[in-house]
Amino acid sequence: MIFYRPNNLKNLFELLENSNATNYFLAGGTDINLQTKNIPKNVNIFYISHLNVLRNITEINGHISIGSTATFSDILHSDYLAKHLPFFQNSLKFFASPIIQNLATIGGNIVNGSPTNDVSPLLLILDAKLELISKNNSRIIPFNSFYRGYKEFDLQKNELVKAILIPKNAENNLETFYQKVGARNSLTISKITVAGLKFIENNRIKKIKIAVGSVNEYPRRLVNLENYLITKRINEIKKDELTKIIAVEITPISDFRSDQNYRFVVCLNLIEKFLGINF
Amino acid sequence: MKIKFILNKNEVEIDANPMTRLIDVLREHFQLLGTKEGCGEGECGACTILLNDKPVASCIANLIHAENGVILTAEGIAKTKIGTLLIDCFDETNAVQCGFCFPGFLVSSYHYLKTDGEPNLEKIKIALSGNICRCTGYQKIFDSVLMACEKLDLS
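Note that the protein sequences, when read in sequence, are chains L and F. Reading the first sequence from the start, the letters are residues 6 to 284 in the working numbering. Reading the second sequence from the start, the letters are residues 878 to 1032 in the working numbering.
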């Protein structure tokens, strides 16, 4: 293992280019330190937490840009986010616990790629984008297309997530919902997470976005469900149709946290709760 | 790699692998055995320390994170006025059972008293939500911190 502490972004990309081992980025370390047994010995580690350019929370072209190494504490204490994205900020209050929030970074949560990660369902419904940078290139992609499979990403070799971009008005005039279910109230590790935004006028669904975590190989929007719900009146929604669509769109697994059936039923219950229906 | 930081108010320098877990630096290099290893995964809080005035799980942080920073461990906190007050309150309510989790609870409670200090049970529960007591004596721990908040308010 060789450890690098680049002086700036330019230096980081030069070092990356000259590296011929597997490269790891180290920010808060809260995930990487749990995986050290599985990390091969001949890796190069690039520390990035000290690069302030990756940590800012700012406004750019109608978007709020959150640097990838912003910690969850940075996010929770940002007055700017409290003003513009209060739902996003409040939803993350129960991310892990304070002693992890002070280290863990939003970019790390995304690229660790756990199907249970707390932040992705929120980014999906808020139409977030990712700003990716490499030595000579920079591109912006919809967050929706970032995950390709279990821990597979739209990320090139030596490419880095620079920032997360959320439209400034993403929450405006919408009813919001975020709930994760876990074993404890403290340090809740998600068994099922449902995030949603909706706009209902005259009892009819005019806007609807639903994303789920922990029930697929990566967090995703339930597009077929959204298509079924849009323009419907709440009282037109049928339990059997809803169940059938969700059964196709989510593929929960059984693991040490819960079994498949439990995850399916709770996911369905949370979606019904979000929609405000009681069959 | 040589890394400098301030540890319990003393300037220190250590030449070690920057990926070394902070808990190992504290316990093995500096013999500060108050910082305990419980789960080793950030979930139990027995290894809580203050890094740059914020409580963190030192078992999932690395030496590099301390670079040019400030660390306060349970030993350092025990020498402060608020630390002494907290220890007296833990003692008065008989909150300590086996004691293994207590350095961590002391650090998280100290941080709460320093940054907020309102005798508010819900806030205290959130501040201590990263710390687990397997003797399950939470009520007395919360009572102690409430007591410390009230005493600090009076002083």
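Where a beta carbon is used, it is the ideal one built from N, C-alpha and C, also for glycine. If you're wondering where the values come from, they're calculated on a predicted model, not measured in any experiment.
Could you compute how far the alpha carbon of I50 (chain L) sits from the alpha carbon of V217 (chain L)?
Each residue's Cα considered, the two are about 32 Å apart.
- So with Cβ pairs under 7 Å, would you call G1014 (chain F) a contact of chain L? Interface flag for G1014 (chain F) against chain L is unset, since no Cβ pair is found closer than 7 Å.
* If you check the beta carbons only, do A200 (chain L) and L97 (chain L) fall under 7 Å apart? -> No; because the gap between Cβ atoms is not below 7 Å, this pair is not in contact.
### Message
What does the Cβ neighbour count give for C975 (chain F), buried or exposed, with the cut at 16 atoms within 10 Å?
### Response
Label assigned to C975 (chain F): exposed.
Option in L:I138, L:F18, L:N177 and L:F92 with minimal Cα separation from S73 (chain L): For the residues L:I138, L:F18, L:N177 and L:F92, the minimum Cα distance to S73 (chain L) belongs to L:I138.
For G113 (chain L), the nearest candidate out of L:I62, L:I53 and L:I65 (CA to CA): The shortest C-alpha separation from G113 (chain L) is found at L:I53.
**Report entry** Minimum length 3: unbroken beta strand (DSSP E) runs contained in the stretch 943-1029 of chain F
**Finding:** The stretch 943-1029 of chain F contains these whole beta strand (DSSP E) runs: 947-949.
Helix or strand or just coil, what does DSSP make of F261 (chain L)? If DSSP states are grouped into helix, strand and coil, F261 (chain L) belongs with coil.
| said: What does the Cβ neighbour count give for G1 (chain L), buried or exposed, with the cut at 16 atoms within 10 Å? | reply: Because chain L in this structure spans residues 6 to 284, residue 1 (chain L) falls outside the shown range and cannot be described.
Of all the CB atoms in chain F, is at least one closer than 7 Å to the CB of G187 (chain L)? No, no contact with chain F.
Which residue or residues does DSSP assign as beta-bridge partners of F51 (chain L)?
L:Y9 and L:F30.
- How big is the Cα-Cα spacing for V821 (chain F) and Q40 (chain L)? Not covered by the structure: residue 821 (chain F). The range shown for chain F is 878 to 1032.
Exposed or buried, what is A972 (chain F) when buried is set at 16 or more other beta-carbons lying within 10 Å of its beta-carbon? By the 16-neighbour rule on beta-carbons within 10 angstroms, A972 (chain F) is buried.
Out of F:E999, F:S1032, F:L899 and F:T992, which has the shortest C-alpha to C-alpha gap to I941 (chain F)? Minimum Cα distance to I941 (chain F) is reached at F:L899.
Are the stretch 1024-1032 of chain F and the stretch 994-1008 of chain F in contact at 8 Å, needing three or more beta carbon pairs? Because the criterion of three Cβ pairs below 8 Å is met, the stretch 1024-1032 of chain F and the stretch 994-1008 of chain F touch.
Quick check on this structure: which residue in F:K879, F:P895 and F:A938 has the alpha carbon closest to the alpha carbon of I926 (chain F)?
That would be F:A938, whose Cα lies nearest to the Cα of I926 (chain F).
Checklist entry - Per DSSP, L884 (chain F) is paired with what? => result L884 (chain F) is bridged to F:N887 and F:I948.
Bounding residues of the beta strand (DSSP E) (the contiguous stretch that carries F182 (chain L)): F182 (chain L) -> beta strand (DSSP E) spans E180 to V186.
Out of curiosity, what's the CA-to-CA distance linking S102 (chain L) and C966 (chain F)? Their Cα atoms are separated by approximately 24 Å.
Own chain residues within Cβ distance below 6 Å of G917 (chain F), not counting five before or after = Taking G917 (chain F) as the centre and dropping the five residues before and after it, the same chain places the C-beta of C936 closer than 6 Å to its C-beta, in chain order.
Kindly give me the distance between the Cβ atoms of L963 (chain F) and L949 (chain F), rounded to whole angstroms, as I take these residues to be in contact under 8 Å.
-> That belief does not hold up - the Cβ atoms of L963 (chain F) and L949 (chain F) are roughly 13 Å apart, past 8 Å.
Environment of H68 (chain L) [buried if 16+ CB atoms lie within 10 Å]
By the 10 Å Cβ count, H68 (chain L) comes out buried.
Item checked: Euclidean distance between Cα positions of A188 (chain L) and F261 (chain L) -> Using only the alpha carbons, I get a separation of about 11 Å.
Requested in this report: Measure the C-alpha to C-alpha separation of L192 (chain L) and N25 (chain L) and round it to an integer number of angstroms.
Outcome: Near 38 Å, if we compare the C-alpha coordinates of N25 (chain L) and L192 (chain L).
Item to check | Contact set for S82 (chain L): own chain, Cβ-Cβ below 8 Å, skip 5 residues either direction | outcome: According to the sequence displayed, residue 82 (chain L) carries His and not Ser. There are no such residues.
query: Taking 7 Å as the CB-CB limit, is G72 (chain L) close to chain F?
result: The C-beta of G72 (chain L) comes no closer than 7 Å to any C-beta of chain F.
Any chance the stretch 889-909 of chain F sits against the stretch 236-252 of chain L, with 3 or more Cβ pairs inside 8 Å? They do not touch, by the three-pair rule.
When you compare only the Cα positions, how much space is there between S1021 (chain F) and T121 (chain L)? Take the alpha-carbon of S1021 (chain F) and the one of T121 (chain L): they are about 35 Å apart.
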